[in-house]
Structures are given as structure tokens and as C-alpha cells.
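Line order of the protein sequences matches chains A and B.
Residue numbering for the first sequence follows the working numbering, beginning at 14 and increasing consecutively.
Residue numbering for the second sequence follows the working numbering, beginning at 14 and increasing consecutively.
We put the CB at the ideal spot given by N, CA and C, even for glycine.
To start, the structure itself, in C-alpha cells.
There are 2 protein chains.
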Amino acid sequence: MSVVNLDSLDLSVCDRGGSMKSVLDFPKQFDEAMNRAFVFDLPMMRFGSVLIIGMGGSAVGGDILKALLKRRSSLFVEVLRGYELPAWVGEDTLIIGISYSGDTEETLHSCEEGLKRSSKALLLSSGGKLEEMALSKGIPHFKLPSGFQPRAALAYLSVPLLVFMERLGIASFQRELEETLSILGEMVEELSPEVPSPSNPAKDLALWLYGSVPVIYGDEGIGGVAAYRWKTQINENSKQPAYACLFPELDHNEIVGWTTDRFKGVFKVIALRHSSENRRTSLRYSVTRDLISDKVGGWREVEGRGKGETSLLYSLIYFGDFVSLYLAYLNGVDPTPVNIISKLKDEIKRQK
Amino acid sequence: MSVVNLDSLDLSVCDRGGSMKSVLDFPKQFDEAMNRAFVFDLPMMRFGSVLIIGMGGSAVGGDILKALLKRRSSLFVEVLRGYELPAWVGEDTLIIGISYSGDTEETLHSCEEGLKRSSKALLLSSGGKLEEMALSKGIPHFKLPSGFQPRAALAYLSVPLLVFMERLGIASFQRELEETLSILGEMVEELSPEVPSPSNPAKDLALWLYGSVPVIYGDEGIGGVAAYRWKTQINENSKQPAYACLFPELDHNEIVGWTTDRFKGVFKVIALRHSSENRRTSLRYSVTRDLISDKVGGWREVEGRGKGETSLLYSLIYFGDFVSLYLAYLNGVDPTPVNIISKLKDEIKRQK
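Listed below in C-alpha cells is the structure:
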């Protein structure tokens with residue numbers, strides 16, 4: 014049992030960095046990001062492939078775009094999290110470089126390389142060297158509002174990509190974005206700190222997870238994108254390990270790891286479900302649960318909300334953002350600071 | 014401490030399924046796979062993208078091909094592990110469908126869909142419905158030798174893809190394949206069961222890992238492909254959980270999970286290194302190790318061997334195959350049978 018009571022939180026003590034405020038504001042940020050993206054001065058461009066370059070919280074927008082274009086567009090989309098541009102990137106590729114700070118080393122390096130191969134580009138940052146790069150090369154730059162942690166700026170880092178694709182005639186998102194906005198608004202009412210734990214499913218799940226290592230299962234589509242986001246949010250906000258795996262692939266290997274119940278005291282499974290799953294994958298979830306649920310510390314499911322894939326995806330992500338904060342409070346850590354990353358960046362920068 | 018002594022193994026008892034024999038034969042299989050692929054009746058084809066369809070052990074060949082083409086070819090390559098073909102797959106896409114048994118549900122489904130969109134295809138299986146599909150549609154079929162577990166047939170499931178790319182004029186692999194073969198031969202001498210544990214680094218690593226959950230770190234290139242293979246081999250052979258994460262992305266989230274040492278008794282890190290890493294990524298390995306090694310149960314490194322990327326990659330994979338078997342013996346499990354997958358497949362098949 015944690016000594017923290019989730020129903021009598023003093024956020025000015027347990028959340029000095031204001032992560033909960035930022036998560037509660039997400040629907041507002043989502044709306045603002047949409048509006049700003051629709052009026053952004055976007056040049057018409059034609060391209061056959063898209064490379065999104067970003068790291069951590071700044072790369073999730075790329076995952077979201079890729080997953081939501083998978084069924085809608087014949088564009089080849091890849092997300093690059095690193096230093097090494099694939100050889101296929103060329104003149105016909107739209108380069109989308111995203112770094113919240115604008116100073117992420119890997120992103121700057123790969124954007125620099127990418128811009129040697131293609132003149133079609135869009136850069137997103139709150140400032141930094143990425144903005145300078147855009148200005149000096151005459152590349153459209155979408156300026157993100159400052160004052161966020163990168164992972165808390167998800168609306169600004171992802172929604173504009175969908176709007177830009179809509180405006181470039183690649184795929185239609187507007188109706189789904191509007192549905193999403195309304196569902197996110199409902200979720201705030203249900204998951205915010207004032208709602209006590211028995212009727213607040215995010216608190217309830219955090220209490221259940223406390224003390225364990227969550228393993229999050231999603232599907233090959235949007236569920237997998239949400240599962241990876243949950244993993245990273247639990248790492249960064251709750252400051253503890255967590256892992257993610259995808260259906261149907263996990264039925265071919267991961268599942269055999271649960272032949273033993275030796276680690277039953279360590280791991281708990283959260284399955285992220287949604288109505289857009291492949292029918293056979295839905296069946297796999299239930300068969301897998303029956304086979305492993307007595308070998309892990311438990312199995313719980315979270316269901317995406319809404320009709321469109323956009324809403325299903327963002328609602329799964331948003332639920333996880335709340336869970337990661339409640340779990341942080343239970344763990345007795347302030348969700349906002351990520352000191353170990355700051356130390357790492359300083360050390361990396363020192364060693365040129 | 015395990016009750017098993019790795020230096021006095023009776024393989025006829027602890028390895029009834031013959032997994033070690035199959036791993037010891039890997040260099041021979043590699044050679045045979047090369048030779049068979051060079052004489053295979055391969056039609057000349059032109060294409061702009063490649064989609065490799067496969068699951069589990071049958072998909073690793075796709076990962077290997079994608080990683081090794083990344084710097085060498087402007088082809089767009091993607092590996093599909095699932096039921097859902099991306100919308101970009103079309104007439105200009107080469108479909109490579111791989112299923113060791115030839116009866117993997119997801120692979121059959123996605124190949125069926127893929128062949129509606131493109132007539133350029135290659136199918137690999139030891140028989141089953143995938144072979145029938147090839148015969149009935151007049152598609153080239155590379156027949157894999159039977160009698161293996163899919164994960165143990167890696168040479169046949171991966172080497173031909175490299176040879177085919179060479180023969181189609183996409184990229185050159187022959188010299189690297191020859192280097193790889195010679196290095197794999199050296200590794201057998203060093204890692205086989207007759208070599209006692211103090212001088213056998215695979216036994217040594219398995220003894221160190223015993224009782225813990227391995228987290229395997231690789232890089233965005235070939236190291237990441239090997240890390241995922243290690244994860245799945247430990248799942249399937251050693252019958253226990255294991256996870257994989259990639260540099261540099263893990264420095265943006267995973268690393269924060271090691272702010273706490275609460276799970277120090279559970280996890281141990283293995284970093285897969287190689288001489289083809291990005292220079293900045295190499296630095297990240299050492300800085301990350303310094304920051305987290307007292308928060309996890311320990312950090313050990315395994316180094317890829319040889320000069321070419323092909324040899325670096327296969328040598329990392331091969332080392333992990335040995336480790337996963339020794340860990341299985343320590344865990345007191347026969348590496349070969351994967352009963353839980355058989356149960357799952359039966360149940361899935363029953364529910365049409």
C-alpha cells in the first residue's frame with residue numbers, strides 16, 4: 014500500500030511541476046492546436062513518402078500520423094527515432110522534423126541530412142536550433158507554444174500533422190478531430206482528481222498497478238501506438254519501468270514468457286482495446302488472457318472511446334496520461350522533472 | 014542458484030527436442046541456405062518497395078533485410094507482422110511472404126490481400142497453404158527444409174532474402190555473407206556445450222542472467238534487430254519474460270524508469286554493441302550505463318564480430334541463441350516445445 018491517498022491530493026505538494034494541470038488542459042490544447050494548424054501558412058506540396066523525424070515525446074505525433082494514414086493513404090510513412098536516415102529518403106519525400114525544444118541532437122542531425130536530399134519539409138518546435146534551421150533555409154516552421162514538458166505538448170506535436178494532411182488533400186480528419194475533442198472533454202469530467210477513486214477508473218487502475226511493472230498490450234494498429242505511449246509516460250511520469258508489446262506478434266513469443274509464474278509478483282498486464290481492431294485480433298486478446306492471466310499479476314482492459322480511429326487512439330492515450338500521473342503520486346514522485354535525462358544530456362553535450 | 018550444472022549437461026535429458034543440435038548446425042544451415050538461394054529459379058523483377066509479411070521467427074528475416082538495406086538501397090522496405098496491409102502496397106511493391114509452416118493465419122491472410130494488389134511476389138515456406146497459394150497463382154516459391162522449429166530455421170528464413178536482393182541487383186551481400194559464415198564457424202568452437210563455463214561467454218552470461226528478467230538494449234540499426242531477437246528467443250527457449258529497447262530513443266523515456274532501484278532484484282541489462290554504431294550512440298551507451306547501472310541488477314555488453322554489418326548482426330543474434338538455450342537449461346525447461354502457442358493456435362482455429 015502506498016501512503017498516498019489519491020482522494021485527498023495536495024497538487025501543490027505532490028505535483029509542483031504542474032503536470033496534472035497540463036493534462037487537464039489537454040482538450041483545450043487539442044482545440045487550440047487544431048485551430049492554429051488550420052490557419053498556418055502552409056504551402057501546397059506534392060510528395061510520395063513522408064519521413065517524420067523526432068525523439069521521445071516529439072516522435073509520438075509521427076506514430077499517430079503513421080497509424081491513422083495506414084488505411085487512408087497510399088503514402089509511404091516512416092518515423093525515424095535516431096541519427097541514421099534511410100537511403101530511400103529523396104526528392105519525393107516530405108521531411109517533417111519535430112523537436113519540442115528545437116535542440117534535440119538526433120533530430121537536428123537527421124533533419125540536416127534530410128534537407129540535403131529533399132526540399133519539401135516542415136519543421137515544428139517551440140524555438141531552438143530547429144527554428145533557426147527553418148528560418149535560414151526558408152522552410153515552413155510551425156511554432157509550438159513554450160512552457161511545456163515535451164510529453165505534455167502532445168496536442169501541439171500531433172494534431173497539426175493530421176490537419177496538414179487534410180489541408181494537403183491526403184486524408185480527411187476534420188470530423189474525427191471534432192469527435193475526439195468532444196470525447197476528451199467528457200474524459201476530463203470522469204478522470205480528474207476531484208472524482209474519488211471508486212468511480213474514477215484512472216485512479217482505480219493506478220491503485221491496482223502500484224508496486225508492479227506494467228506490461229501494456231496493444232494491437233498492430235492504433236492500440237500499439239497507445240501502448241508505447243503508456244510505456245513511456247509511466248517511465249517518465251511515474252519514474253518506474255514499464256514495457257509494451259503488440260498483438261498479434263506477441264502471441265508468437267512474448268506469451269511463452271508467461272509459461273512460468275515466477276514473476277507473477279512483478280508484472281501486471283493492461284490490454285488496450287478498441288472497436289477498430291481486426292476481428293481475429295479481438296479473439297486473440299481473449300484467448301491470450303485465458304492462457305496467461307494466472308501467470309501474471311493480473312489482466313485489466315481499457316477501452317478506446319468514440320467511433321473514428323482518431324478518437325479511439327487519443328482516448329486510449331489520454332486515459333494512460335492520467336494513470337501515469339496517479340501512479341507517480343502513489344510512487345511519491347513529482348511527475349514533471351526528469352533529472353536523469355537532464356544529466357544525460359549535459360554529459361552527452363560535454364563530450365563533443 | 015540453479016541446480017543445473019552447465020558443464021555436465023546431458024542434452025538427451027535437458028534438450029529432448031534437439032534445440033542445441035540445431036543451433037550448433039547454424040553455420041552449416043547458413044551455408045546451405047546461401048547455396049540454395051543462389052541456384053533458386055528467381056525471375057527478374059523490378060519494384061520500388063518491399064513488404065515482408067511474417068510473424069515471430071518467420072518475420073526476423075524481414076527485420077534483417079530491412080536493417081541491412083537501410084544504408085545500401087533506396088528501396089522502401091517494411092515488415093508487416095499482422096493482418097492489416099498498409100494502403101501504400103500496390104503494383105510496384107514486391108510482396109515477400111514468409112511462414113515456416115506455411116499455415117500461419119496472419120501471414121496467409123495478408124499475403125492473400127497483398128497478391129490482389131501486386132503480382133510481384135516471392136513466398137517462402139516448408140509447405141502448407143502458402144506453398145499451395147504459390148503453386149495455384151504461379152508465384153515463385155522457395156521451399157524451406159522441414160523438421161525445424163520456425164525460430165531455429167533462421168538461416169533459411171533470412172539468408173535467401175539477402176541473396177535474392179543481390180541477384181536482383183539491389184545490393185551486394187556476397188562478401189559479407191562469406192565473412193559471416195567464417196565467423197559463425199569460429200563462434201561454435203567457443204560457445205558450444207563442451208567448452209566449460211569460465212571460458213564460455215554464453216554460459217557465463219546465462220549464469221549471470223539466471224533468475225532475472227533481461228532487458229536487451231540495441232541501437233536503431235542492426236543492434237536493435239538483434240535485441241528483439243534476443244527478447245523473443247529468451248521468451249520461447251528459456252520460457253521467461255524479457256524485453257528489448259533501442260538507443261537513442263531509450264534515453265528519452267526508458268532511462269527515467271531507472272530513477273528507482275525498487276526493481277533492482279528483477280532486471281539485468283544486456284547491451285548489444287557493434288563497430289557500425291553511430292559515434293554519438295556509442296557515447297550514449299557509456300553515459301547511460303554510468304547513470305543506471307546501480308539501479309538495475311547489472312549491465313553487461315556483448316560485442317558483434319567481424320567487419321561487415323551482416324556479420325556484426327548475425328554474430329550478435331547467434332550469441333543470443335546460445336545464451337537462450339543455456340538459460341533454458343538453468344530454468345529446468347526443454348527449449349524446444351512451446352506448448353502455450355500450440356494451445357493458443359488450437360483455440361484460435363476452433364473459433365472461426
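Min CB distance residue i to chain B below 7 Å
| i | result |
| --- | --- |
| Gly-9 (chain A) | Beyond the ends of chain A as shown, which are 14 and 365, falls residue 9 (chain A); an answer cannot be given. |
| Glu-262 (chain A) | yes |
| Lys-83 (chain A) | yes |
| Pro-291 (chain A) | Position check: residue 291 (chain A) holds Asn in this sequence, whereas Pro was assumed. Output row for Asn-291 (chain A): interface = yes. |
| Val-402 (chain A) | Missing from the structure shown is residue 402 (chain A); chain A here goes from 14 to 365 and no further. |
| Ser-86 (chain A) | yes |
| Arg-94 (chain A) | yes |
| Pro-413 (chain A) | Nothing can be reported for residue 413 (chain A): it is not among the residues displayed for chain A, which extend from 14 to 365. |
| His-154 (chain A) | no |
| Val-300 (chain A) | yes |
| His-287 (chain A) | no |
Reduced DSSP category for residue i - H, G, I as helix; E, B as strand; rest coil
| i | result |
| --- | --- |
| Gly-231 (chain A) | strand |
| Trp-312 (chain A) | strand |
| Glu-290 (chain B) | coil |
| Lys-129 (chain B) | helix |
| Ser-62 (chain B) | strand |
| Lys-150 (chain A) | helix |
| Tyr-107 (chain A) | The amino acid at residue 107 (chain A) is misidentified as Tyr; the sequence shows Leu. Here Leu-107 (chain A) sits in strand by DSSP. |
| Leu-277 (chain A) | Reading off the sequence, residue 277 (chain A) comes out as Lys, not Leu. Residue state, collapsed to three classes: coil. |
| Phe-260 (chain A) | strand |
| Ile-183 (chain A) | coil |
| Ala-284 (chain B) | strand |
| Tyr-169 (chain A) | helix |
| Pro-101 (chain B) | For the sequence presented, residue 101 (chain B) should be read as Trp rather than Pro. Of the three classes helix, strand and coil, the one that applies to Trp-101 (chain B) here is coil, per DSSP. |
| Gly-198 (chain A) | helix |
| Tyr-96 (chain A) | coil |
| Thr-12 (chain A) | What the structure shows of chain A is the stretch from 14 to 365, and residue 12 (chain A) is not part of that stretch, so it cannot be assessed. |
| Leu-22 (chain A) | coil |
| Phe-53 (chain A) | coil |
| Phe-161 (chain B) | coil |
Buried or exposed by the 16-neighbour rule on C-beta atoms within 10 Å, applied to residue i
| i | result |
| --- | --- |
| Val-52 (chain B) | exposed |
| Gly-6 (chain B) | The shown model of chain B, from 14 to 365, leaves out residue 6 (chain B), and the question about it has no answer. |
| Glu-322 (chain A) | buried |
| Ser-159 (chain B) | exposed |
| Glu-202 (chain B) | exposed |
| Val-226 (chain A) | buried |
| Asp-334 (chain A) | buried |
| Asn-266 (chain B) | buried |
| Met-200 (chain B) | buried |
| Gly-182 (chain B) | exposed |
| Pro-56 (chain A) | exposed |
| Met-68 (chain B) | buried |
| Pro-261 (chain A) | buried |
| Gly-317 (chain B) | buried |
| Met-146 (chain B) | buried |
| Val-176 (chain A) | buried |
| Met-47 (chain B) | buried |
| Asp-76 (chain A) | buried |
Proximity test, Cβ basis, 7 Å: residue i and chain A
| i | result |
| --- | --- |
| Phe-276 (chain B) | yes |
| Ala-80 (chain B) | no |
| Glu-360 (chain B) | yes |
| Ile-268 (chain B) | yes |
| Phe-60 (chain B) | no |
| Ala-165 (chain B) | no |
| Ile-312 (chain B) | It should be noted that the sequence gives Trp, not Ile, for residue 312 (chain B). No, Trp-312 (chain B) lies away from the interface with chain A (no Cβ there is under 7 Å from its Cβ). |
| Arg-318 (chain B) | no |
| Val-36 (chain B) | no |
| Gly-69 (chain B) | yes |
| Val-351 (chain B) | yes |
| Leu-340 (chain B) | no |
Per DSSP, cross-strand counterpart(s) of residue i
| i | result |
| --- | --- |
| Tyr-342 (chain A) | According to DSSP, which records beta bridges pairwise, Tyr-342 (chain A) is partnered with nothing at all. |
| Ser-35 (chain B) | In the DSSP output, where bridge partners are listed per residue, Ser-35 (chain B) has none listed. |
| Leu-137 (chain A) | A:Ile-111, A:Phe-155 |
| Glu-91 (chain A) | A:Leu-64 |
| Val-226 (chain A) | A:Phe-280 |
Next on the checklist: Which residues of the region 174 to 197 of chain A have a Cβ closer than 9 Å to any Cβ of chain B? Give them in chain order.
Outcome noted: none
Checklist entry - In chain order, what residues of the region 240 to 259 of chain A put their CB closer than 7 Å to some CB of chain B? => result Thr-245, Asn-248, Glu-249, Lys-252, Gln-253, Pro-254, Ala-255, Tyr-256
Next on the checklist: Taking beta-carbon pairs under 7 Å, can you tell me which members of the region 212 to 238 of chain A lie near chain B?
Outcome noted: Correct list: Val-226, Glu-233, Gly-234.
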